[in-house]
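Letter by letter, the sequence shown follows residues 775 to 996 of my numbering.
Ideal Cβ placement from N, Cα and C applies to all residues, glycine included.
On a predicted model such as this, the values are computed, not experimentally measured, just so you know.
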Amino acid sequence: MESLLNLIQHLRQKYNISVENVRGHRELRGNGTTCPGYNIDPAQLRATIKNLDETKPPDPDPQPEVKPGEHVVLLPDADRYFDAAATYIWHFQPDVSFAIDQAVGRWKYVTAIGDASGISDAQLDRLRTAGAVLVQRISGNPDTVRATLDQLVETDRRFLEESEPKPQTYTVQSGDTLSGIARQVYGQASLWTIIFEANRDILSEPSRIKPGQVLKIPPKPV
775 MESLLNLIQH
785 LRQKYNISVE
795 NVRGHRELRG
805 NGTTCPGYNI
815 DPAQLRATIK
825 NLDETKPPDP
835 DPQPEVKPGE
845 HVVLLPDADR
855 YFDAAATYIW
865 HFQPDVSFAI
875 DQAVGRWKYV
885 TAIGDASGIS
895 DAQLDRLRTA
905 GAVLVQRISG
915 NPDTVRATLD
925 QLVETDRRFL
935 EESEPKPQTY
945 TVQSGDTLSG
955 IARQVYGQAS
965 LWTIIFEANR
975 DILSEPSRIK
985 PGQVLKIPPK
995 PV
């Protein structure tokens, strides 16, 4: 029964067939054909299909259209992870880099392979601040990384589904100022007001920031 339902759903999607137009051969006028074996009640079949339609998970978010030279796989620990990423690299043909610092400001889409011990969150934040549109980490041991990447290949999806983006933060150090932080994260000291407005809940005045405070860093305005 499951195989039949899968076939019907495949054909419905391919030819845009509504549930109401799914018919058994005996429902067609003038068709007196009989089939040996178990016969399925067409009305019950349509009810089952309708239920499947109602419980079908939402379609995944569309993937970005990536042009050649826009996507890089970062492999700082190639000895450990290259084999796990090989199928993904062969399928999607991204650029490959083993030096994280060289990726800053160079690629629009970044897939970082490895845990924070190899690629820190701060390094990923630098890539975002420098203009990367999408930065994703594939973490875990080599077997876990391979399974994740192979699943992306199987579904022909270059990137994981985006969850709610994790906000970038900055921990205030002794001697910091908002303009200095803005220069560091945005490249423009004049954008300090963006950081101040985003942190009104903990900052009463722009000049009164304290070491240890964790500030939210909004995306750089376009």
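Quick check on this structure: which residue in the options has the alpha carbon closest to the alpha carbon of residue i?
i, options, result
"P993", "R900, Q925, E979 and G954", "R900"
"G879", "Q837, G961, L926 and I991", "G961"
"L965", "A956, P816 and A860", "A956"
"F872", "A852, S891 and D857", "A852"
"Q987", "P868, H865 and D950", "D950"
"W864", "K788, F970, R932 and G954", "R932"
"S913", "I823, Y883, K788 and I893", "I893"
"R820", "P838, T861 and N795", "N795"
"V907", "Q867, K984 and E839", "E839"
"H784", "L923, L826, G798 and D815", "L826"
"T945", "L989, T918 and R902", "L989"
"G999", "P816, Y789 and Q787", "The structure shown does not extend to residue 999, since the chain is modelled only from 775 to 996, so the question has no answer here."
"I991", "N915, A896 and Q910", "A896"
In the DSSP assignment, the alpha helix (DSSP H) including residue i goes from what residue to what residue?
i, result
"I814", "Per DSSP, I814 belongs to no alpha helix (DSSP H) and is neither H nor E."
"L999", "One cannot answer for residue 999 here, as it falls past the ends of the chain, which runs 775 to 996."
"Q897", "D895 to T903"
"D869", "Not the alpha helix (DSSP H): D869 falls in the beta strand (DSSP E), residues D869 to S871."
"K841", "Unbroken run through K841: none, as it is neither H nor E."
"S777", "E776 to Y789"
"F970", "W966 to A972"
"E928", "P916 to E928"
Considering only DSSP beta bridges, list what residue i is partnered with.
i, result
"A886", "L848 and R911"
"Q942", "I991"
Assuming residue i contacts residue j under a Cβ cut-off of 8 Å, what Cβ separation, rounded to an integer in Å, is found between them?
i, j, result
"L952", "P980", "5 Å"
"A877", "V846", "6 Å"
"L848", "I887", "6 Å"
Flag residue i as yes when its Cβ comes closer than 7 Å to any non-hydrogen atom of the ligand NAP, and as no otherwise.
i, result
"R911", "Absent from the structure shown: the ligand NAP. Ligands present: none."
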